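Working notes for the structure below.
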Amino acid sequence: MDTPFDDFLTLEVNNLHVDVLTGIYSEETHLPQPLRISIRAQLKVADHYEPDTPLSRSKNYMDLKHAATSALPEGQHFTLIEAVADHIIDTIFLQDDKVSHVQVKIVKLALSERGEEIGITLGRSRK
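Residue 93 in the numbering used here is what sits at position 74 of the sequence shown, and the numbering runs on without skipping anything.
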């Protein structure tokens, strides 16, 4: 028997390299750490997208990039990368009420020795 699926639209921005002040150890707290950030934002989907459908029926991908780069407060130290993810999620929810869910994956590049991806994924639904 087939399983029905709801329609969905997910915008993605993957593998942004961003230097962020984060960490709990003394060697981490004074220099920005390189993070690889990927974002998935689920939006309310339109009934159909025609060739002339305006951008206002979706979302600009660059808004997601902005949330993970220039919207992060310069000079702000985030003890946990979870807080970085929450800040990005909050920014995206504030940008657009069509966004129903955001998932942020952060990999701490400085911890990788052989290409491992060490980090977190945080997802939140609009409340």
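Glycine included, every Cβ here is placed at the ideal spot set by N, Cα and C.
Given the structure is predicted, the values throughout are model-derived calculations rather than measurements.
Item	Value
Helix, strand or coil at Arg145 [DSSP, three-state]	coil
Under 7 Å between C-beta atoms of His120 and Gln61	yes
Alpha-carbon to alpha-carbon, Glu132 and Asn79	35 Å
Cut-off 6 Å between Cβ atoms - residues of its own chain near His96, not counting five sequence neighbours on either side	Leu40
Three-state secondary structure (DSSP) of Glu31	strand
Three-way DSSP call (helix, strand, coil) for Ser119 in this model	strand
Same chain, Cβ closer than 6 Å to Ala86, neighbours up to 5 away in sequence not counted	Ile107, Thr110, Ile111
Top-ranked residue by Cα proximity to Lys84, from Ile137, Gly138, Val37, Glu136	Val37
Exposure label - Gly134; buried when at least 16 CB within 10 Å	exposed
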